[in-house]
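Visitor: This is the structure I want to talk about, given as structure tokens.
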Amino acid sequence: MRLRLGLLCSGAVALATGGAALAQETATQPLQPPQQQISRPSGLQGADWRQQLANRHDPRRAIDEELSRLTRDLQLTPEQVAKVTPMLHEHQDRIQALLDQNPSITREAYQTQVHAISRETHNQINSLLTEHQLQLMTAMVGRLGSGQESRHAR
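If you're matching positions, the sequence shown starts at 1 in this note's numbering and goes up one per residue.
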């Protein structure tokens, strides 16, 4: 069965962060495993992390949530939404391809590559933004980084 993963937690984090500098900063912060996994033996890191990711993630919902947040918080125009939407889908597709083409990739190598993909995607998105929207992005990043706003709808 093909794992259908998309804008994975780390990908969504990097997209929501806005600037390349912040994406580089987050690239050094690994994903934290679910609380119940912290006490598990380290021998379960192989495919187990992939299954955990698959169980927690719905790529279509993640894309929709990210597009909604960006549209709302950055006041994207319909033209910008039309350009950002395929960027988010391409982001998801590249991450899925990374998993599909590298069945033995380690979690750490995966995270590094997802952050690189995410940096490219948010740089593309940033290139579409006006000066005002870039300021709004900075404010959004601040809220996300401070915990004032969640990256995921609850």
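Glycine included, each C-beta is placed from N, C-alpha and C at the ideal position.
(1) Which word fits Q29, buried or exposed, when buried means at least 16 other C-beta atoms lie within 10 angstroms of its C-beta?
(2) Determine the burial state of Q133: buried for a count of at least 16 other Cβ atoms within 10 Å of its Cβ, exposed for fewer.
(3) Buried or exposed for Q92, going by 16 or more other Cβ atoms inside 10 Å?
(4) Given a cut-off of 7 Å, decide if M87 and Q124 are closer than it, judged by their beta-carbon atoms.
(5) Express the C-alpha separation of R50 and T85 in angstroms, rounding to a whole number.
(6) I'd like to know if the segment 66-78 and the segment 103-113 are in contact, where contact means that at least 3 CB-CB pairs between them fall below 8 Å.
(7) Quick one: what's got a C-beta closer than 6 Å to Q75's C-beta in the same chain, skipping five residues either side?
Guide: Quick look at the numbers:
(1) For Q29, the predicted structure reports a pLDDT of 35, less than 50, and the residue's modelled location is therefore unreliable. The matter cannot be settled from this model.
(2) buried
(3) buried
(4) yes
(5) 26 Å
(6) no
(7) none
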